[in-house]
Structure formats: C-alpha cells, structure tokens
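Numbering (this note's numbering), first residue to last: 642 to 776. Even glycine gets a Cβ: it sits at the ideal position worked out from N, Cα and C. As the structure is a computational prediction, the values presented were derived from the model and not from experiment.
Right, here's the structure in full:
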C-alpha cells in the first residue's frame with residue numbers, strides 16, 4: 642500500500658496532535674487563510690455504510706477560497722473540475738493525525754497555459770501550506 646511519502650501529489654504533514662484535536666482545529670486554520678469548508682466526506686462512515694467494512698478515521702474536506710476560485714474561473718472555466726481544494730485528514734494506528742492538501746502547483750498550474758493561472762496556483766498553494774502549518 643502506498644504511503645503519503647509515495648504520493649506524487651499533495652502536501653502532507655504528520656501532526657504532533659491527535660485526530661480529534663486536528664479535526665477541531667482544521668476549520669479555523671483554513672478560515673485564517675480565507676478558505677471555508679463547503680463539503681465534508683467521512684470515509685470511515687461511508688465505507689461502513691456502503692461496503693460494510695471498517696476503516697480508520699479519515700475525512701476529506703472540500704475547502705474553498707471564494708475570491709481565489711472566482712479569479713481562477715475567470716481565467717479558465719475548465720478549472721472548475723479542480724475545485725474545491727481537497728484537504729484530507731486521517732488517523733494513523735498510533736492515534737497521530739496526518740493532514741494533506743492538494744498541491745495546486747501540480748494541478749491548477751497545469752490547467753492552462755497561463756502565467757496568471759500559475760501565479761494564482763502559487764498563491765493558493767502558499768495559503769494551504771500556511772493553514773496546515775497552523776495545525
């Protein structure tokens with residue numbers, strides 16, 4: 642099975658806090674960078690309900706910074722398939738939390754041949770990195 646170190650996309654961090662604390666702090670960390678959580682998928686609950694299998698605590702959040710999303714869509718309407726920005730939080734077997742966020746430099750910047758879009762991707766990436774660092 643792949644680990645976060647094997648994944649080519651995303652910015653990942655092991656946190657010094659547990660899952661519950663990270664889950665409680667994540668909305669404020671994102672909000673401080675202009676993002677709101679507009680979707681949330683509880684993977685553990687979904688796998689139990691749909692597949693009847695147990696899985697670690699794992700959530701995927703759709704985070705949106707409306708100003709940056711608006712700017713990106715004005716540059717290229719095709720960017721919509723990359724929105725919102727995914728942020729994942731899971732619990733390792735020892736209880737430690739791991740958080741990751743999409744790396745817009747690998748996704749958004751490649752969506753079009755545009756220096757403006759690449760600059761926007763750098764801005765989104767910086768904001769997401771700062772949000773994760775707050776955890």
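- In this structure, the alpha-carbon of residue 705 lies about 18 Å from that of residue 776.
- Non-local beta-carbon contacts of residue 729 in its own chain, meaning distances under 6 Å to residues more than five positions away in sequence, involve 701 and 741 in chain order.
- Comparing alpha-carbon positions, the option among 699, 769, 761 and 665 lying closest to residue 717 turns out to be 761.
- Boundaries of the beta strand (DSSP E) around residue 742: 737-742.
- Around the CB of residue 748, 16 or more other CB atoms lie within 10 Å, so the residue is classed as buried.
- The continuous beta strand (DSSP E) containing residue 654 extends over residues 652-659.
- Comparing alpha carbon positions, the residue from 689, 686, 656 and 709 closest to residue 677 is 709.
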